[in-house]
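In this text, residue positions in the sequence shown follow the working numbering: the first is 196, and each later residue adds one.
Here a beta-carbon is modelled for each residue, glycine too, at the ideal position from N, C-alpha and C.
Beneath this line is the structure, given in structure tokens, with notes to follow.
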Amino acid sequence: MSTFVLVAGLTFLFVFGAALGMRPSPRQAQLARLRAAATARGLRVRVAPATPGGQISPNLVVYVLSWRLEQLEQARELRFQAVLEPSGGWRAQAPPGLEQEQLIGILGDLPAGVTELTAVADGLAARWDERGAEHEVERLAAALVTLREACLGGGNRSSPAQGRT
196 MSTFVLVAGL TFLFVFGAAL GMRPSPRQAQ LARLRAAATA RGLRVRVAPA TPGGQISPNL
256 VVYVLSWRLE QLEQARELRF QAVLEPSGGW RAQAPPGLEQ EQLIGILGDL PAGVTELTAV
316 ADGLAARWDE RGAEHEVERL AAALVTLREA CLGGGNRSSP AQGRT
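Structure (structure tokens):
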């Protein structure tokens, strides 16, 4: 009988322990909430590629706000990058269509932990360490939308094909 109780107890502990091991940590749960909030606001989340110096930062991911369909042609020509310097200031040149003061305001609206904004082929990308709360995702999304619309307009510009009659 005591052998049975011992085996049953060890089996229970093994199964229960395995089930506890499958639970996400508090940090993993927080990342899941942040990424779900980003998706709900139209952002895509992907693992950050290596930095220009070839260093890979596993703690940084890229949140991307896609270009709108009517902006794709204009977006192909957009060259923009803003990098947070170790001193805490941003190194950036305002893209065409955006005043430097506007850019400074947008950069000031970003949540802490954002280290870079870049125009990439599929949208505006922000490198972020994901150390904030869910409301920080809203701030990030709003800043990216403001930057996208300031650089490329609200999509009301007519393309050359639309202007012909």
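Where residue i falls: helix, strand or coil (DSSP)
i, result
"A277", "strand"
"S261", "strand"
"A287", "strand"
"R218", "coil"
"G204", "helix"
"S282", "coil"
"T198", "helix"
"F209", "helix"
Paired residues, beta bridge with residue i - DSSP
i, result
"R239", "V259"
Residue interval of the alpha helix (DSSP H) (run including residue i)
i, result
"R271", "267–271"
"G303", "295–303"
Of the listed residues the options, nearest to residue i (C-alpha basis)
i, options, result
"V315", "R239, R228, H330, G300", "R239"
"L226", "C346, E331, L264, E268", "E331"
"A235", "W262, A336, R343, T341", "A336"
"A338", "G348, A328, E325, L319", "L319"
"S282", "F207, V202, T310, G327", "T310"
"A287", "V202, T313, Q269", "T313"
"E333", "D317, E344, L305, R326", "L305"
"R222", "L342, E325, G348", "E325"
"G292", "E344, L255, Y258", "E344"
"I301", "R322, A277, W323, D317", "A277"
"Q266", "G237, A231, D317, F199", "D317"
"L347", "R263, G237, T206", "R263"
"W323", "R241, L255, G303", "L255"
Checklist entry - Going along the chain, which unbroken runs of the beta strand (DSSP E) with 3 or more residues stay wholly within the segment 305–350? => result 309–315, 318–323
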